[in-house]
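**Q**
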Amino acid sequence: MYSPLDLLNYVKELKKHNLDILSSGNISLRLDANHIAIKPTGLNYDDLTLEDISVVDLQGNLILGLKASSDLDIHLKIFSERKDINCIIHTHSHYATVMSCLNLSLKVLTTLHADYFGKEILCMRYINHRKSNLGVKFIELHTNVCLLERHGTLIVDADPKKAIKSAVVIEEISKLNFHIMQLQRKISPMLEEDICSLNEYYATTYGNK
Ligand SMILES: [Zn+2]
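For what it's worth, my numbering labels the leading residue of the sequence shown as 598, then goes sequentially.
Below you can see the structure in the form of structure tokens.
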């Protein structure tokens with residue numbers, strides 16, 4: 598499984614893509630059956646050291662490092678319910694947040710979207726994540742990626758590298774859809790037949806990912 602050092606490295610990799618400013622957003626990894634590593638609360642990505650990384654058990658007890666992300670309860674809920682995933686990323690990336698504020702799901706308008714996700718990315722209706730556990734609502738969506746209304750994105754994956762890639766691709770798709778809709782609000786999604794065929798090619802043939 599993964600280690601706190603892996604988390605530090607993935608934090609740095611995520612930072613390279615400039616999806617979040619200062620300390621906003623977060624990332625966590627499953628370490629073993631009962632522990633996760635998560636970015637500490639309120640610390641800038643650039644300032645993070647290995648000793649700072651929070652190691653927490655699934656009951657929420659801090660084992661090592663600094664106080665965990667303020668979104669810890671969301672991560673714990675998802676890790677507890679979704680045994681298939683090892684990484685959770687939450688971003689406030691610019692264009693994804695703009696689209697979420699308009700409560701617009703991301704329709705499949707481009708081959709990039711068809712290739713990588715193969716389906717519309719839903720926008721979860723706003724809930725106050727300090728008052729109720731957003732992780733519960735996320736599980737009910739039965740998805741690995743979604744926009745969060747007036748907030749940003751939530752992404753999970755078995756593979757942390759794929760989770761980071763998804764975060765980057767969602768921001769690019771949000772940017773594309775935003776600009777396309779400035780010019781033509783009523784643009785139709787791509788045909789389902791094309792979406793399926795492009796997605797199958799990307800999943801099975803392109804780059805052998
Ligand atoms: Zn947030």
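Glycine is no exception: its CB is placed at the ideal position from the N, C-alpha and C atoms. Please read all numbers here as calculations on a predicted model, not as lab measurements.
Is Leu-706 near Leu-773, with beta carbons less than 8 Å apart?
**A** Residue mapping note: residue 706 aligns to position 109 of the sequence shown, counting from 1. Residue mapping note: residue 773 aligns to position 176 of the sequence shown, counting from 1. With contacts defined as CB atoms closer than 8 Å, Leu-706 and Leu-773 qualify as a contacting pair.
**Q** Of the residues Leu-602, Asn-615, Cys-720, which one's Cα is nearest the Cα of Ser-697?
**A** Residue numbering aside, residue 697 sits at position 100 when the sequence shown is read from its first letter. Comparing Cα-Cα distances from Ser-697 to each of Leu-602, Asn-615, Cys-720, the minimum goes to Cys-720.
**Q** Taking the straight line between their C-alpha atoms, what separation do you get for Asn-641 and Glu-797?
**A** The residue you call residue 641 lines up with position 44 of the sequence shown. The residue you call residue 797 lines up with position 200 of the sequence shown. Distance between the alpha carbons of Asn-641 and Glu-797: 39 Å.
**Q** DSSP on Gly-732, reduced to helix/strand/coil?
**A** Numbered from 1 along the sequence shown, position 135 holds the residue referred to as residue 732. Helix at Gly-732.
**Q** Within the continuous alpha helix (DSSP H) that includes Leu-605, where are the two ends?
**A** Here residue 605 is taken as the residue at index 8 of the sequence shown, counted from 1. For Leu-605, the enclosing alpha helix (DSSP H) stretches over residues 601 to 613.
**Q** Under a three-way DSSP split, which group does Leu-745 fall into?
**A** Counted from its first residue, the sequence shown places residue 745 at position 148. Strand.
**Q** Tell me which residues share the same chain as His-632 and place their Cβ nearer than 8 Å to its Cβ, disregarding the 5 neighbours each side in the sequence.
**A** Walking along the sequence shown from the start, residue 632 turns up at place 35. Within the same chain, His-632 has close Cβ partners Val-652, Val-653, Asp-654, Leu-655, Ile-660.
**Q** Less than 8 Å between C-beta atoms, sequence neighbours within five positions excluded: which residues of the same chain meet that for Leu-709?
**A** Counting from 1 along the sequence shown, the entry for residue 709 is found at position 112. The residues are Val-766, Glu-769, Ile-770, Leu-773.
**Q** If you draw a straight line from the alpha carbon of His-776 to that of Gly-749, how long is it in whole angstroms?
**A** What you label residue 776 is simply residue 179 of the sequence shown in a count that begins at 1. What you label residue 749 is simply residue 152 of the sequence shown in a count that begins at 1. The alpha-carbon atoms of His-776 and Gly-749 are separated by roughly 18 Å.
**Q** When burial is assigned at 16 or more other CB atoms within 10 Å of the CB, is Cys-793 buried or exposed?
**A** For this step, residue 793 is matched to residue 196 along the sequence shown. Exposed, because fewer than 16 other Cβ atoms sit within 10 Å of the Cβ of Cys-793.
**Q** Assign Asn-615 to one of two classes, buried (16 or more other C-beta atoms within 10 Å of its C-beta) or exposed (fewer than that).
**A** Translated into positions along the sequence shown, residue 615 becomes position 18. Result: exposed.
**Q** Compute the Euclidean distance between the alpha carbons of Lys-609 and Ile-761, then round it to the nearest angstrom.
**A** If you number the sequence shown from 1, residue 609 lands on position 12. If you number the sequence shown from 1, residue 761 lands on position 164. Looking at the two C-alpha atoms, the distance is approximately 11 Å.
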